[in-house]
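Chains as they are written, first to last, in our numbering: chain A, 1 to 187; chain B, 1001 to 1187.
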DNA sequence: CCCCTTGTTGAACGCACGATCAACTAGCGC
DNA sequence: GCGCTAGTTGATCGTGCGTTCAACAAGGGG
């Protein structure tokens, strides 16, 4: 197999594995088994596992963000878009990506390379949300001062809720609660 | 040394270690080294490491909760109390307990014994906060319907913010942002 | 047709993990 | 002072980790 294809296969095996079991399960051996390849070949294409883990994390959360933001932009107006984002992020069955995020925060406390990648992806989230809010301000749907901090609140609330859901601790209708809280802040 | 004292020493060594490096660093060997004891002795007093980790997690977060709630009850009135809780929980220098929480959520996704303990401690948080809110409702400081979900919102927001802080991703004055969000919800 | 490049492998190293168990030792009761 | 109980230890097992490297195999260029 050509190096490009083999690299792609290994990368996709790692991404699939991280979706199933989290980035903590990413080891040379598990990735190799998943790709149907000898462990040494994984190490050959990715000499540093730490860097590979950071790469897989980035790929997964970037794909998630693109998907969520694309769905949000199908809606018209600030509040429907925010409702869409909250609804999608809090949808059940997203535990796979949540586990990746929570493991990344935990591991990032002691792994600066991964932490830098996490900050980068969180900045991208913040900017994407700020862009949505800024459009609402321009359209006169909300005042700039009320909008300040809304993106950050959304991220903190959703991330906290999802972290809780990893141990199956959640109120009924958490999406409704989150929407009510955001509505109160946005006015 | 008597079994009771030895057990206490090992337990406290584990708790100190978890404060410094998180519960992921709790191994038979690291705890033994910290307690100045042979690894086998740790295994002797705590035959299952999974159970020991859950126990240490519970001890750490229960102590934190008692401390935070005691400080809150020094204040008078619903809003000052909530401001106290938010301020304490979002104070810098709490990364040690935050790391314990985030690692527990991550590990709890694949370790049901720990997950059960996490749920138990989160229930205790929820009940403690609900009690504060209920006092505010009784005192007429707030209507019952407005108060509904406030405890949960506070937990989700604070936990999300603290998770973010593990990779040093935080806005300036996050406590102020959190207080504003809660004020908007409480009316 | 042979060789040589290149993708790939198996084996090994050193380390760390939880768990187990026979052997040691200190101190108390007799 | 002797012996037994009970706390403690060192050694070891099996497993899994990242990393390294000599050796294998396949396929195209000369």
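All residues carry an ideal CB built from backbone N, CA and C; glycine is no exception.
By the three-class DSSP mapping on this structure, what secondary structure does residue i have?
i	result
residue 169 of chain A	coil
residue 1060 of chain B	helix
residue 1148 of chain B	coil
residue 1035 of chain B	helix
residue 2 of chain A	coil
residue 74 of chain A	coil
residue 48 of chain A	coil
residue 15 of chain A	helix
residue 1141 of chain B	coil
residue 1109 of chain B	coil
Check for me: the alpha helix (DSSP H) holding residue i runs from which residue to which?
i	result
residue 90 of chain A	Premise fails: residue 90 of chain A is in no alpha helix (DSSP H) and is neither H nor E.
residue 24 of chain A	Premise fails: residue 24 of chain A is in no alpha helix (DSSP H) and is neither H nor E.
residue 176 of chain A	174 to 186
residue 42 of chain A	39 to 45
residue 268 of chain A	Because chain A here runs from 1 to 187, residue 268 of chain A falls outside it and cannot be looked at.
If the cut is a Cβ gap below 7 Å, which residues of chain A does residue i touch?
i	result
residue 1177 of chain B	149, 152 and 153
residue 1016 of chain B	Residues of chain A passing the Cβ test: none, with the nearest at roughly 17 Å.
residue 1013 of chain B	By Cβ distance, chain A contributes nothing, its closest Cβ being about 20 Å from residue 1013 of chain B, past 7 Å.
Using a C-beta to C-beta distance shorter than 7 Å, which residues of chain B count as neighbours of residue i?
i	result
residue 184 of chain A	1184 and 1185
residue 260 of chain A	Nothing can be reported for residue 260 of chain A: it is not among the residues displayed for chain A, which extend from 1 to 187.
Could you list which residues in chain A have their beta carbon closer than 8 Å to that of residue i, in chain order?
i	result
residue 1099 of chain B	106 and 109
residue 1134 of chain B	None at all; the shortest Cβ gap to chain A is about 17 Å.
residue 1040 of chain B	In chain order: nothing, as chain A lies at least about 28 Å away.
Report the neighbours of residue i on chain B: residues whose CB is nearer than 9 Å to its CB, in chain order.
i	result
residue 131 of chain A	Chain B residues near residue 131 of chain A: none, gap ~17 Å exceeds 9 Å.
residue 144 of chain A	Simply none; closest approach about 15 Å.
residue 83 of chain A	In chain order: nothing, as chain B lies at least about 17 Å away.
residue 43 of chain A	Ordered by position in chain B, no residue passes the 9 Å Cβ test against residue 43 of chain A, which lies about 24 Å from the chain.
For a test of your reading of the model: does the CB of residue i fall under 7 Å from any non-hydrogen atom of the ligand COA? Yes or no.
i	result
residue 100 of chain A	In the structure shown, the ligand COA is absent, as is every other ligand, since no ligand is present at all.
Identify the contact partners of residue i in chain B, using a Cβ-Cβ distance below 8 Å as the criterion.
i	result
residue 139 of chain A	Chain B residues near residue 139 of chain A: none, gap ~22 Å exceeds 8 Å.
residue 9 of chain A	The contacting residues do not exist; residue 9 of chain A stays about 26 Å from chain B at best.
Please list the residues of the stretch 152 to 172 of chain A that have a C-beta atom closer than 8 Å to any C-beta atom in chain B, keeping them in chain order. 152, 153, 155, 156, 157, 158, 159, 160, 161, 163, 164, 166, 167, 168, 169 and 171
Residues in the stretch 102 to 127 of chain A having any Cβ partner in chain B nearer than 7 Å: 102, 103, 105, 106, 108, 109, 115, 118, 119 and 122
Can you give me, in chain order, the residues of the stretch 1046 to 1060 of chain B that have a beta carbon less than 7 Å from any beta carbon in chain A? none
If you measure beta-carbon to beta-carbon, which residues of the stretch 61 to 74 of chain A are closer than 7 Å to chain B? none
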